[in-house]
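Numbering (the numbering used here), first residue to last: 59 to 311. Written below as structure tokens is the structure these notes are about.
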Ligand code: NAD
């Protein structure tokens, strides 16, 4: 992390009134939730289960639920980290209007970002949904049912397939959230991507859209991302440390 980079970021943030922060799994690793691609991340252990595989077989659904329930326990114990808290602070100070997140862990909410300002484009892990009728089901109910029957859950209302309310590879993106994210991006006067490898599309299309709209694009990540070449400013480092340095700089100004 370079001092010059922090100074430049602080200048950009100070001028921003409708900034968008776009986050990926990297902002939550300091809270103890592994990301996908780093050493020890989910993908180093399991190949992700695509949506069509989930639909195709009861055994695969059971395996998907077992993995999800393990992750859900980790998420349930996690607290927001310095990165989440700093993003909430930037919003409270009037520099950021929306957080677009790929994360399903609810930690922006827990950090105090108002719910209506959080756009969860990959859904949420807080509950499950029937793929048939859309009925909501609680994760605790699914956990109990799998423990009792050894079978994946079926909807109590219509008998349909129940899935965590997250978006899997190959599953359609949520229309309202995608529209909200697009509107926030087009309205943004600064776009900051934090903790994402920026390899998962269509999500990574939002920083591209921001840049096409001539909005300054900042990327904060510990390693190179797929879109560094587009950015006006890239900051390499640990998210907690970068965001703490940013707040210190803003407070000193
Ligand atoms: P990713 O794993 O592809 O990329 C995460 C990036 O963050 C990596 O480039 C890594 O180097 C960087 N990183 C990790 N910890 C960091 C730290 N402390 N400081 C700085 N950089 C750090 O994740 P993605 O781009 O978000 O895409 C994966 C998909 O899986 C997304 O949909 C994602 O949200 C989802 N996912 C979500 C969670 C969660 O909800 N917490 C966890 C894993 C995966």
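Yeah, the Cβ is synthetic: ideal placement off N, Cα and C, and Gly gets one too. Predicted model only: the values in this text are computed from it and were never measured.
For residue i and residue j, I'd like the C-alpha separation in whole angstroms.
{"i": "residue 226", "j": "residue 180", "result": "8 Å"}
{"i": "residue 77", "j": "residue 104", "result": "35 Å"}
{"i": "residue 266", "j": "residue 205", "result": "44 Å"}
{"i": "residue 152", "j": "residue 119", "result": "43 Å"}
{"i": "residue 191", "j": "residue 185", "result": "15 Å"}
{"i": "residue 116", "j": "residue 210", "result": "7 Å"}
{"i": "residue 196", "j": "residue 310", "result": "46 Å"}
{"i": "residue 177", "j": "residue 245", "result": "14 Å"}
{"i": "residue 259", "j": "residue 270", "result": "16 Å"}
{"i": "residue 289", "j": "residue 278", "result": "10 Å"}
When we look at the beta-carbon of residue i and count the other beta-carbons within 10 Å, is it buried (16 or more) or exposed?
{"i": "residue 110", "result": "exposed"}
{"i": "residue 249", "result": "buried"}
{"i": "residue 138", "result": "buried"}
{"i": "residue 160", "result": "buried"}
{"i": "residue 239", "result": "buried"}
{"i": "residue 216", "result": "exposed"}
{"i": "residue 60", "result": "exposed"}
{"i": "residue 228", "result": "exposed"}
{"i": "residue 274", "result": "buried"}
Taking 8 Å as the cut-off, is the C-beta of residue i nearer than that to any heavy atom in the ligand NAD?
{"i": "residue 92", "result": "yes"}
{"i": "residue 63", "result": "no"}
{"i": "residue 161", "result": "yes"}
{"i": "residue 83", "result": "yes"}
{"i": "residue 88", "result": "yes"}
{"i": "residue 96", "result": "yes"}
{"i": "residue 254", "result": "yes"}
{"i": "residue 125", "result": "no"}
{"i": "residue 283", "result": "yes"}
{"i": "residue 296", "result": "yes"}
{"i": "residue 183", "result": "yes"}
(request) Determine, using beta-carbon pairs with one atom in the stretch 296-305 and one in the stretch 61-76, whether at least three such pairs fall under 8 Å. (result) yes
(message) I'd like to know if the stretch 59-69 and the stretch 140-151 are in contact, where contact means that at least 3 CB-CB pairs between them fall below 8 Å.
(response) no
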